[in-house]
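Residue numbers in the sequence shown follow this note's numbering, run continuously in steps of one, and reach 120 at the last position. Glycine included, every Cβ here is placed at the ideal spot set by N, Cα and C. Right, one structure below, let's go through it.
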Amino acid sequence: MSQLVKLEKRFEVALEKLELAFANKTPVKISESPNKKKELIKENHNNIDDLLTKIAQLESAAKDDADQIDQLVKKLKEIFEIEYD
36 MSQLVKLEKR
46 FEVALEKLEL
56 AFANKTPVKI
66 SESPNKKKEL
76 IKENHNNIDD
86 LLTKIAQLES
96 AAKDDADQID
106 QLVKKLKEIF
116 EIEYD
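As structure tokens, this is what we get:
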């Protein structure tokens, strides 16, 4: 049960980080200078790539955690079957 609590806490922290990342995304005034536009576009693209990478990592962690939860559920079922036999 403590593993489930730890798992829930990990997801809460991850979601808070994502919410903060999206909340810190402020509108930017685009300059008329072509060089500044390119720089700004490149900078924002990197931020999006970073977020996508973090989301992919979270998805992978979620899958691993789901597998662990499945294993725990199976063990619990086995324990309850043994107790009721």
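- Task: Check whether the stretch 37 to 54 touches the stretch 89 to 105, taking contact to mean three or more Cβ pairs, one atom from each stretch, closer than 8 Å.
- Result: yes
- Message: Contact defined as beta carbons within less than 8 Å: I believe Q38 pairs with L107. What is the distance between those atoms, to the nearest angstrom?
- Response: Start at 1 with the first residue of the sequence shown, and residue 38 comes out as number 3. Start at 1 with the first residue of the sequence shown, and residue 107 comes out as number 72. Indeed, because the Cβ distance is near 7 Å, the residues count as touching under 8 Å.
- Message: Any beta carbon of chain C sitting closer than 8 Å to that of S68?
- Response: Judged by its chain identifiers, the structure shown contains no chain C, having just a single protein chain.
- Would a C-beta distance cut-off of 8 Å place D100 and L42 closer than the cut-off? As a position in the sequence shown, residue 100 is number 65, starting the count at 1. As a position in the sequence shown, residue 42 is number 7, starting the count at 1. Yes, these two residues count as a Cβ contact at 8 Å.
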